[in-house]
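Counting in this note's numbering, the sequence shown runs from -7 upward without gaps.
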Amino acid sequence: MTFKMTWALVAEHVDEWTGDDFTEAASVLDREVGATVSASGMNQGAQTHFRETFLAPVRDGIASAGKEAVEAGRGWDRAAGPLLVVLSPAA
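Shown next as C-alpha cells:
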C-alpha cells in the first residue's frame, strides 16, 4: 500500500515522501530532519536533545501506530515540539 509522509519543522522546513515501506519512511525522516538539525547551528547538546526528545518518538511511531492506521485506511499524525509528521494513504 502506497502512502504519503509529509513533515514540517516549525519555521525551518516542509517536505514529503511517497512510498510503501514504513521502515524506509522512518529512515527518510531521520536522515532529512537530522540533516536539517545538523545544519541549524545548534550546539551538539541541543542537537542530541532534539533527536532524542522530538525526532525519535515521531520516527518510531511511523512503523507502529502510523503503519497500523494507514493499513486501516486512516491518516496518522504525530507532533513533538517543533516537528509534525502526517501519514496518509495514497489515492
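Ideal Cβ placement from N, Cα and C applies to all residues, glycine included. Just so we're clear, the structure is a prediction, and the values are computed from it rather than from any experiment.
Whether residue i touches residue j by CB criterion (7 Å)
{"i": "residue 67", "j": "residue 80", "result": "yes"}
{"i": "residue -4", "j": "residue 57", "result": "no"}
{"i": "residue 93", "j": "residue 25", "result": "Summary: the structure shown does not reach residue 93, with the chain confined to residues -7 through 83, and so no result is reported for it."}
{"i": "residue 0", "j": "residue 76", "result": "yes"}
{"i": "residue -2", "j": "residue 78", "result": "yes"}
{"i": "residue 84", "j": "residue 74", "result": "The shown model of the chain, from -7 to 83, leaves out residue 84, and the question about it has no answer."}
{"i": "residue 49", "j": "residue 31", "result": "no"}
Three-state secondary structure (DSSP) of residue i
{"i": "residue 71", "result": "strand"}
Residue i - containing beta strand (DSSP E), residue span
{"i": "residue -2", "result": "-5 to 1"}
Within-7 Å CB hit, residue i to chain C
{"i": "residue 26", "result": "The structure shown contains no chain C; it holds only a single protein chain."}
**Study point:** Ordered list of alpha helix (DSSP H) runs contained in the region 6 to 67, each at least 4 residues
**Key:** 14 to 30, 36 to 42, 48 to 53, 59 to 63
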